[in-house]
């Protein structure tokens, strides 16, 4: 039975309960199991032999369940037991011990070990005193040290080691086993995965954290370290243990709290809830309970704290509901369950292109603090921001543009420039040449459509180049006033233009491409003779 005794130190852990109010914890002193509520001793567990408590649970009706073992002074006799208050309600086989106890309502589940016929150990799970699962092997010992239950499905998860290698079972089936010498001290089920804390002996003593069968965190150096307790809360993994001469609590791999030691010390139990991080064990020979890194209780007449339960608060709680009038325009934070007198901070966060206006009680403070006195609902009112899109033309008389106006953030609008006669669209002031063009509204913006003047060709020709010539043709801007002329050669005369106009020279206003033809004729002379 010495193997059982040496196994005890790594197994006296428990995961606590929810909201902080009353703190129950268990320990041992001179063969008596002791249970405290806050700093008051409420139960002493005795037997005809010595008692060692390793686990503790509080039922919804207030009854106290505890588990552990009874033994003689030399540990030649060890027997697992479960107590309801101070009454022994279950006695396991001789040469056994119970290391974990869990409750679902008033139904209890216990995990432990017993010596088998091959002088090894079987892992066991009991339900209300009946063997539920047995992990037995004639070749290797299956040492059970941790217990978790999926309350939604009733599945039982057990952690420990098989053949000196860390292992996890689900009900009666082994889920996984490490391929190195290692052990699991505690497990927690996060709703999806099993998170296991323990130690790897492959290269010294290395604290190791597994998620299912993968190592997620390990202290890989020459320093002796071990994880002895694990908890999961609000998406974070918390582990307790030691690193050489320091007790430590880690959160997601980062040190959260530390306690230097001068003699043997350990963390045996850890629980985390909205009220804080609670853990317990012993520090330099003093049985200690901590909360958030500070000593909560130091207990005399106790060797160490082996189990811890943090009960739900008896204080009334109220619901603070925080909503947005439009989730497309903004979001809110700060809602939840609070106790009377708590101060909660609520905040309205406007989405891009929107702004917070006021709460449903017309208060505009944001963020704002709320003192909780009752169930309350706050609605944040948001408004979309409006932006002005200005659209103009240059030159002013060159054309028109459509699409300007007031719009909401994120609207897609279409701008289109139309040229007046004699002008052509060239580009926008941001050098975009698309016309029409689509614009996504994100701010006040000004768009200018630039137009250029159209050019036209004026062609001037002579219907008889040998009789006369013309001038004034060329390329001109729309609206230019030009002059064209026809010059008859000797013996010839100008007879008019093809459009019937006989002005010469003549003035022409350029409005489009045009051709002007000058008609010439032979001059006739009258010769008189006498």
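Residue numbers (our numbering): 1078 to 1607.
All C-beta atoms in this analysis are idealised placements derived from N, C-alpha and C, irrespective of residue type, glycine included.
What you are looking at is a predicted structure, and each value in this text was computed from that prediction instead of being measured.
Original post:
residue 1587: which of 1572, 1557, 1566 sits nearest, CA to CA?
Top reply: Sequence index remark: in the chain shown, residue 1587 carries index 510 (1-based). Of the candidates 1572, 1557, 1566, the one whose C-alpha sits nearest the C-alpha of residue 1587 is 1557.
Subject >> the segment 1538-1545 touching the segment 1513-1522, judged by at least three CB pairs closer than 8 Å >> reply: The segment 1538-1545 is not in contact with the segment 1513-1522.
Original post:
What residue does the beta strand (DSSP E) around residue 1610 start on, and which one ends it?
Top reply: Any answer about residue 1610 is impossible in this case: the structure gives the chain only from 1078 up to 1607.
Original post:
Should the segment 1187-1200 be called in touch with the segment 1165-1179, which here means at least 3 C-beta pairs below 8 Å?
Top reply: Per the Cβ contact rule, the segment 1187-1200 is in contact with the segment 1165-1179 (3 or more Cβ pairs under 8 Å).
Subject >> Under 7 Å between C-beta atoms of residue 1284 and residue 1272 >> reply: For this step, residue 1284 is matched to residue 207 along the chain shown. For this step, residue 1272 is matched to residue 195 along the chain shown. For residue 1284 and residue 1272, no; Cβs fall outside 7 Å.
**OP:** Using three-state DSSP, classify residue 1475 as helix, strand or coil.
**Re:** Taking the chain shown and counting its residues from 1, one reaches residue 1475 at position 398. Three-state result, residue 1475: coil.
**OP:** On the DSSP bridge assignment, give the partners of residue 1436 in chain order.
**Re:** In the chain shown, counting from the first residue as 1, residue 1436 sits at position 359. For residue 1436, which the question treats as bridged, DSSP gives the partners 1457.
**OP:** Determine the direct distance from the alpha carbon of residue 1348 to that of residue 1324, and round the result to whole angstroms.
**Re:** What you label residue 1324 is simply residue 247 of the chain shown in a count that begins at 1. What you label residue 1348 is simply residue 271 of the chain shown in a count that begins at 1. Those two C-alpha atoms are separated by around 16 Å.
Original post:
Three-state secondary structure (DSSP) at residue 1446?
Top reply: Here the question's residue 1446 lines up with position 369 in the chain shown. Strand at residue 1446.
Original post:
In or out: residue 1251 buried (at least 16 other Cβ within 10 Å) or exposed?
Top reply: As a position in the chain shown, residue 1251 is number 174, starting the count at 1. Exposed is the call here.
Original post:
What separation, rounded to the nearest whole angstrom, lies between the Cα atoms of residue 1459 and residue 1427?
Top reply: Numbered from its first residue, the chain shown carries residue 1459 at position 382. Numbered from its first residue, the chain shown carries residue 1427 at position 350. Rounded to whole angstroms, residue 1459 to residue 1427 spans 7 Å at the Cα level.
Original post:
In or out: residue 1221 buried (at least 16 other Cβ within 10 Å) or exposed?
Top reply: As a working mapping, residue 1221 is identified with position 144 in the chain shown. Buried: at least 16 other Cβ atoms inside 10 Å.
Subject >> 7 Å CB neighbourhood of residue 1403 in its chain, flanking five on each side removed >> reply: What you label residue 1403 is simply residue 326 of the chain shown in a count that begins at 1. Taken in chain order, the residues that qualify are 1459.
**OP:** Taking residue 1071 as the reference, give the member of 1550, 1373, 1263, 1313 with the closest Cα.
**Re:** There is simply no residue 1071 to check, as the chain begins at 1078 and stops at 1607 in what is shown.
Subject >> Sub-7 Å separation of residue 1231 and residue 1223 beta-carbons >> reply: Numbered from 1 along the chain shown, position 154 holds the residue referred to as residue 1231. Numbered from 1 along the chain shown, position 146 holds the residue referred to as residue 1223. Against a cut-off of 7 Å, the Cβ pair of residue 1223 and residue 1231 comes out as no contact.
Original post:
What do you get for residue 1118, buried or exposed, if any count of 16 or more other CB atoms within 10 angstroms of its CB means buried?
Top reply: Translated into positions along the chain shown, residue 1118 becomes position 41. Residue 1118 comes out exposed.
Original post:
Taking just the CA atoms, how far does residue 1535 sit from residue 1030?
Top reply: Missing from the structure shown is residue 1030; the chain here goes from 1078 to 1607 and no further.
Original post:
Hey, which unbroken runs of the beta strand (DSSP E) at 3 residues or more fall wholly within the segment 1232-1319?
Top reply: 1233-1239, 1242-1247, 1250-1266, 1271-1277, 1283-1288, 1291-1295, 1302-1310
Original post:
Leaving out five residues before and five after residue 1329 in sequence, what residues of the same chain have Cβ atoms less than 7 Å from its Cβ?
Top reply: Along the chain shown, read from residue 1 onward, the residue named residue 1329 stands at position 252. Excluding positions up to five away in sequence, the list reads 1313, 1314.
**OP:** Could you check if residue 1195 is buried or exposed, using at least 16 other CB atoms within 10 Å of its CB as the buried criterion?
**Re:** Stepping through the chain shown from its first residue, residue 1195 is reached at position 118. Exposed: under 16 other Cβ atoms inside 10 Å.
**OP:** Taking only runs that begin and end inside the segment 1350-1421, name each unbroken beta strand (DSSP E) of 3 or more residues, in chain order.
**Re:** 1353-1360, 1363-1368, 1371-1376, 1381-1387, 1394-1401, 1407-1410, 1413-1416
**OP:** Would you give the residue range spanned by the beta strand (DSSP E) that residue 1148 belongs to?
**Re:** Taking the chain shown and counting its residues from 1, one reaches residue 1148 at position 71. It spans 1141-1148 - the beta strand (DSSP E) in which residue 1148 sits, taken as one unbroken run.
Original post:
Helix, strand or coil: how does DSSP classify residue 1348 here?
Top reply: Residue mapping note: residue 1348 aligns to position 271 of the chain shown, counting from 1. Residue 1348 falls in the strand class under three-state DSSP.
**OP:** State yes or no: is the C-beta of residue 1262 within less than 7 Å of the C-beta of residue 1275?
**Re:** By 1-based counting over the chain shown, the position of residue 1262 is 185. By 1-based counting over the chain shown, the position of residue 1275 is 198. Their beta carbons are under 7 Å apart, which means residue 1262 touches residue 1275 by this criterion.
**OP:** With DSSP as the reference, label residue 1106 as helix, strand or coil.
**Re:** Taking the chain shown and counting its residues from 1, the one referred to as residue 1106 is at position 29. Residue 1106: strand per DSSP, three-state reduction.
Subject >> Chain-order list of residues whose beta-carbon lies under 6 Å from that of residue 1552 (same chain, five-residue window excluded) >> reply: Counted from its first residue, the chain shown places residue 1552 at position 475. The beta carbon of residue 1552 lies closer than 6 Å to those of 1532, 1534 in the same chain, with the five residues before and after it left out.
Subject >> Range of the contiguous beta strand (DSSP E) that encloses residue 1555 >> reply: As a first step, residue 1555 is located in the chain shown; it is residue number 478 there, counting from the start. Unbroken run through residue 1555: none, as it is neither H nor E.
**OP:** Take residue 1622 as the anchor and find which of 1414, 1450, 1589, 1563 has the nearest alpha-carbon.
**Re:** Here the chain comprises residues numbered 1078 to 1607, so residue 1622 is not present and cannot be evaluated.
**OP:** Let me know the secondary structure DSSP gives residue 1212 once reduced to three states.
**Re:** As a position in the chain shown, residue 1212 is number 135, starting the count at 1. Correct three-state label for residue 1212: strand.
**OP:** Would you mind working out which of 1563, 1555, 1554 sits nearest residue 1547, comparing C-alpha positions?
**Re:** Here residue 1547 refers to the residue found at position 470 when the chain shown is read from its first residue. Residue 1547 has its Cα closest to that of 1563, out of 1563, 1555, 1554.
Original post:
Using the rule of at least 16 other Cβ atoms within 10 Å of the residue's Cβ for burial, across every protein chain shown, is residue 1148 buried or exposed?
Top reply: On the chain shown, position 71 is the one that residue 1148 refers to. Label assigned to residue 1148: buried.
Subject >> Euclidean distance between Cα positions of residue 1121 and residue 1200 >> reply: Residue mapping note: residue 1121 aligns to position 44 of the chain shown, counting from 1. Residue mapping note: residue 1200 aligns to position 123 of the chain shown, counting from 1. When rounded, the distance between both Cα atoms is 28 Å.
Original post:
Taking three-plus beta-carbon pairs below 8 Å as touching, is the segment 1466-1475 in contact with the segment 1439-1447?
Top reply: no
**OP:** Grab me the residues of residue 1197's own chain with a C-beta within less than 6 Å of its C-beta, minus the 5 sequence neighbours each way, in chain order.
**Re:** Counting from 1 along the chain shown, the entry for residue 1197 is found at position 120. Cβ neighbours of residue 1197 beyond the five flanking positions: 1218.
**OP:** Please classify residue 1088: is it buried, with 16 or more other beta-carbons within 10 angstroms of its beta-carbon, or exposed?
**Re:** For the purposes of this step, residue 1088 is identified with residue 11 of the chain shown, where counting begins at 1. Any reading at residue 1088 must be qualified, since the residue scores a pLDDT of 37, below 50, and its modelled position is unreliable; no value is offered.
Original post:
When the distance is taken between beta carbons, is residue 1376 closer than 7 Å to residue 1384?
Top reply: Start at 1 with the first residue of the chain shown, and residue 1384 comes out as number 307. Start at 1 with the first residue of the chain shown, and residue 1376 comes out as number 299. Contact: no.
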